[in-house]
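Per UniProt numbering, the sequence shown starts with residue 1, numbered consecutively.
So the structure is just underneath, and the comments pick up after that.
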Amino acid sequence: MKSEDSGKPTPGATAVASPCRRRCCLNEAERCLGCGRLLAEILEWGNASDERRRAIRALAEGRLNLD
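Below, the structure is given as structure tokens:
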């Protein structure tokens with residue numbers, strides 16, 4: 001997380017960890033069988049806000065629980 005005025009990380013803030021498990025394999029629906037993210041979410045991750053990253057993680061975890 002970055003403070004609004006300086007662009008530097010906010011003290012005490014924690015980054016949202018990637019759900020990547022290094023077992024990347026996309027199925028026919030372009031969903032990673034390792035972490036559950038869609039290809040579009042994987043590509044978006046680097047530029048996503050912490051709020052969006054948390055949403056992506058929740059969606060991915062839900063997809064893994066369906067298997």
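Yeah, the Cβ is synthetic: ideal placement off N, Cα and C, and Gly gets one too.
- For Arg31, the three-state DSSP class (helix, strand or coil): Your numbering for residue 31 matches position 31 in the sequence shown. Arg31: strand per DSSP, three-state reduction.
- Message: If you measure between the beta carbons of Arg63 and Pro19, is that distance less than 8 Å?
- Response: On the sequence shown, residue 63 is found 63 positions in, with the first residue counted as 1. On the sequence shown, residue 19 is found 19 positions in, with the first residue counted as 1. Not in contact: Arg63 and Pro19 (Cβ atoms no closer than 8 Å).
- Message: If the criterion is Cβ atoms closer than 8 Å, does the pair Glu61 and Gly34 meet it?
- Response: By one-based count along the sequence shown, residue 61 stands at place 61. By one-based count along the sequence shown, residue 34 stands at place 34. No, Cβ-Cβ distance for Glu61 and Gly34 is not below 8 Å.
- Item | Selection from Asn65, Gly46, Asp67, Leu66 that minimises the alpha carbon distance to Ala17 | As a position in the sequence shown, residue 17 is number 17, starting the count at 1. The option with the nearest alpha carbon to Ala17 is Gly46.
- Query: Which partner residues of Leu39 appear in the DSSP bridge assignment?
  - Reply: As a working mapping, residue 39 is identified with position 39 in the sequence shown. In DSSP, Leu39 forms no bridge with anything.
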